[in-house]
Amino acid sequence: MSLNIQHLESEIIDQYLYDENTTRPWIIGFSGGKDSTMLLQVVWNALKKIEPILLTRKIYVVCNDTLVENPRIVKFIYTTLKKIQKAANLNDFPLIVEQTIPRIDDSFWVRLVGLGYPAPNRIHRWCTERLKINPTSRLIKEKINENGEAIILLGTRSAESTNRAASIKKHERKGERLRNHQFPRAFVYAPIKDVETNEVWQYLNQVPPPWGGTHKELVTLYRNANAGDCPLVIDNTTPSCGQSRFGCWVCTVVNKDKSMEGLIGNGEDWMLPLAEIRNFLIETRDSPDKYRQKERRDGSYHIDKWGPYNFETRVDILTRILKAQKEVQKTEDIELITHQEMVLIQYYWFRDMYFKPKVSDIYNKIFKTKIDMSKQEEKIKEESELLRKSCKDEPKDVELIQDLLALQKTKTLMMRKRGLLDDFENRLEQFIEESKK
Ligand code: SF4
């Protein structure tokens, strides 16, 4: 192998041991792709060479799930993460796997079907921040608050793209391995930045992962999916995820989803209903006159701008998702949309005064069930109407109070109230900012 692994490992050991602050944790961004797999593996193998007593720093392996990742890839990543944590525990290696997901009110389906956000395109790419950057940023901030500082290790490589090379160069400090991150008290370290793509493959083909098994499945997935990497996106300087192939299966920022096409072409036929939904989303993106309303969410009209999806389109998309879910579940244990997302979608439909059909009507029709959400639905409906009446002189307050209620409800549903105060404060700050305009 032309790549000097010993040199790379020595650099990592150096950075670990001779850092000015040896308590700041390492946060390794892991997307399950080839680059971050190599990064984790090289770091693990390097640190194995240090006396265990010196391994005092916490090492977090952070993986984000947008909840609309390609289900085939998700399965593979979840299995890998389990293996990583198990092997770390067995070997007393101080590594903790942390998985992040978007807040439910930021979920792709809640925004798109609940609020009518149009399928994203290059200009209006509302998803990356909500699905990828924010969940990871929250975790990084949490770790910085706990430990004072943190070092983020990324598998970014100069060879991967010219944009990436420019971004790495821009943030690099001459002669230093660490570069500043946009968060105060966070630094970025990219140990494999000079590794060439063919060297990554050589390494993965020759060196088995320290968490056991081989990289055969990873290599096959790349081959079958004609895929490129979707790096862990931690901020706006990270290369655009919409350009990648191992991204969300709903992604309409790219015109063709080569990975999904590749996987279907290689026998994963169960993904066909997903490809159909994605094609429909592209159609809605390209024909706003047919699928969107003229009035924008704030009630304004712009001659050359379109508002959110009209109610018929939102119903149509939800129907397609649930039909696809039913079809896919004949052979796969996969959920395309969660119950919590559906409850929140219903909440937003009532908030927009759309009462029929209800989410439960659509669900029951497709799955031939009799799920009764009427109590929840009636409560939400009554609440919406009462609020509207009591705030008739301050209509802006209605939206704010409903957002706060929605946040409270979703946190309860998710059984995770952690961060609720932050969410409230953020929403209140946003309201104050909007009121100043
Ligand atoms: S992969 Fe596509 S849909 Fe997913 S966050 Fe990136 S741009 Fe948005």
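Going by my numbering, the sequence shown wraps up at 490, each residue one higher than the last. C-beta: ideal position from N, C-alpha, C; glycine also.
Taking the Cβ atoms as the reference, L70 lies roughly 7 Å from I103, within the contact range of under 8 Å. When C-beta atoms of the stretch 76-90 are compared with those of the stretch 199-206, three or more pairs fall below 8 Å, so the two segments count as touching.
Within the DSSP secondary-structure output, Y242 pairs in a beta bridge with L206 and L231. Cβ contact annotation for K196 (same chain, cutoff 7 Å, sequence separation greater than five): P78, I80, Y113 and A203, in chain order. DSSP places G82 in no alpha helix (DSSP H) but in the uninterrupted beta strand (DSSP E) bounded by W79 to G82. The stretch 166-180 and the stretch 354-371 touch, with three or more beta-carbon pairs separated by less than 8 Å. Within its own chain, the residues whose Cβ lies closer than 8 Å to the Cβ of T372, once the five positions on either side in sequence are excluded, are I415 and I419, listed in chain order. Beyond the five residues adjoining it in sequence on each side, N417 comes within less than 8 Å, by CB distance, of K423 and I424 in the same chain, given in chain order.
Distance from the C-beta of P173 to the nearest heavy atom of the ligand SF4 is below 8 Å. Secondary-structure assignment with DSSP links C116 through a beta bridge to Q152. Annotated three-state conformation of E365 is helix, per DSSP.
The shortest C-alpha to C-alpha distance from A239 to any of I66, L325, C304 and N74 is the one to N74. With respect to L257, Q94 sits close: the two C-beta atoms are nearer than 9 Å. For the options G86, G82 and S63, the alpha carbon positioned closest to that of T273 is the one of G86.
The way I'd put it, the stretch 139-154 does touch the stretch 183-193; three or more beta-carbon pairs between them come closer than 8 Å. Only residues of its own chain outside the window of five on either side were considered, and among them P326, L327, E329, I330 and L389 have a CB closer than 8 Å to the CB of A377, listed in chain order. With a beta-carbon spacing of about 28 Å, P188 and R345 fall beyond the 8 Å limit used to define contacts.
The beta carbon of A243 is closer than 6 Å to those of L207 and T209 in its chain, skipping five residues each way along the sequence.
9 Å or more divides the Cβ of P124 from the Cβ of I317.
If you look at A328, you'll find it in the alpha helix (DSSP H) that goes L325 to D339. Taken atom to atom, the span from the alpha-carbon of I176 to that of N308 is near 14 Å.
The three-state reading of DSSP puts R345 in strand, counting E and B together. The nearest non-hydrogen atom of the ligand SF4 is less than 8 Å from the C-beta of R178. DSSP, read as helix, strand or coil, puts E199 in helix. At a cut-off of 8 Å, the beta-carbon of K309 does not count as near the ligand SF4: no heavy atom of the ligand is closer than that. Going by DSSP, V396 is part of the alpha helix (DSSP H) stretching over H392 to R404.
Distance from Q399 to V412 at the Cβ level is roughly 4 Å; contact confirmed, criterion being Cβ atoms closer than 8 Å. Counting other Cβ atoms within 10 Å of its Cβ, D158 reaches 16 or more and is therefore classed as buried.
Excluding its 5 nearest sequence neighbours in each direction, F83 has C-beta neighbours in its own chain below 7 Å: S89, L93, V114, V115, C116 and L285, listed in chain order. Closest in alpha carbon position to W264, among D118, D405 and L134, is L134. In the DSSP annotation of this structure, the continuous segment of the alpha helix (DSSP H) that includes V95 starts and ends at K87 to L100.
By a beta-carbon distance limit of 8 Å, T384 contacts W323. Their separation comes to about 5 Å. Residue state for C180 is assigned as helix, using DSSP reduced to three classes. Put simply, of F408, N144, R183 and K358 the residue whose alpha carbon is nearest the alpha carbon of T119 is R183. Taking C-beta atoms as the reference points, I149 and K111 count as a pair closer than 9 Å.
Per DSSP, the unbroken alpha helix (DSSP H) holding H60 starts and ends at I58 to L70.
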